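Read the structure below first, then the notes.
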Amino acid sequence: VQLQAFGGGLVQPGGSLRLSCVVSGSSVSFATMNWYRQAPGKGRDLVATASRGGSANYPDSVRGRFTISRDNAKNTVYLQMNSLRPEDTAVYYCYVEFGNGRTYWGQGTQVTVSS
Numbered sequence: 275v276q277l278q279a280f281g282g283g284l285v286q287p288g289g290s291l292r293l294s295c296v297v298s299g300s301s302v303s304f305a306t307m308n309w310y311r312q313a314p315g316k317g318r319d320l321v322a323t324a325s326r327g328g329s330a331n332y333p334d335s336v337r338g339r340f341t342i343s344r345d346n347a348k349n350t351v352y353l354q355m356n357s358l359r360p361e362d363t364a365v366y367y368c369y370v371e372f373g374n375g376r377t378y379w380g381q382g383t384q385v386t387v388s389s
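With the numbering used here, letter number 28 in the sequence shown gets 302, and the count goes up by one each step, no holes.
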């Protein structure tokens, strides 16, 4: 199983970005799909979860600004990020949890919010 994340970049405060993570090697239809981020010098924090049932959860820091979605037919999870702030600057990782306990990380994509 491989996860490839892309869509990061440099954006001004208040701007938007859409991240994508394509999973190959196994269907994600029954998996929980997540996005994490890691800022320089800090730990890796959960920013969004999309359950296999379709529900989504977010921490307070991004709720109302970030939206996770999934397209099981394309084996892809997305993270729409709006109203970006400098404190959102981090490497963003996708993380998949399959029902049999297997878990996998993507390689990360850099998001930089700066004027």
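Glycine included, C-beta positions come from ideal geometry on N, C-alpha and C. All figures in this text were calculated on a predicted structure; none of them were measured in a lab.
Whether residue i touches residue j by CB criterion (7 Å)
{"i": "residue 342", "j": "residue 364", "result": "no"}
{"i": "residue 311", "j": "residue 321", "result": "yes"}
For residue i: DSSP bridge partner residues
{"i": "residue 292", "result": "354"}
{"i": "residue 319", "result": "311"}
{"i": "residue 344", "result": "351"}
Three-state class that DSSP yields for residue i in the structure shown
{"i": "residue 349", "result": "coil"}
Supposed close pair residue i, residue j - CB separation, criterion 8 Å
{"i": "residue 366", "j": "residue 383", "result": "5 Å"}
{"i": "residue 291", "j": "residue 370", "result": "Incorrect: roughly 21 Å between the Cβ atoms, too far for contact."}
{"i": "residue 339", "j": "residue 307", "result": "At roughly 19 Å, the Cβ-Cβ gap does not stay under 8 Å, so residue 339 and residue 307 are not in contact."}
Range covered by the beta strand (DSSP E) that runs through residue i
{"i": "residue 280", "result": "276 to 280"}
{"i": "residue 283", "result": "283 to 285"}
{"i": "residue 371", "result": "364 to 371"}
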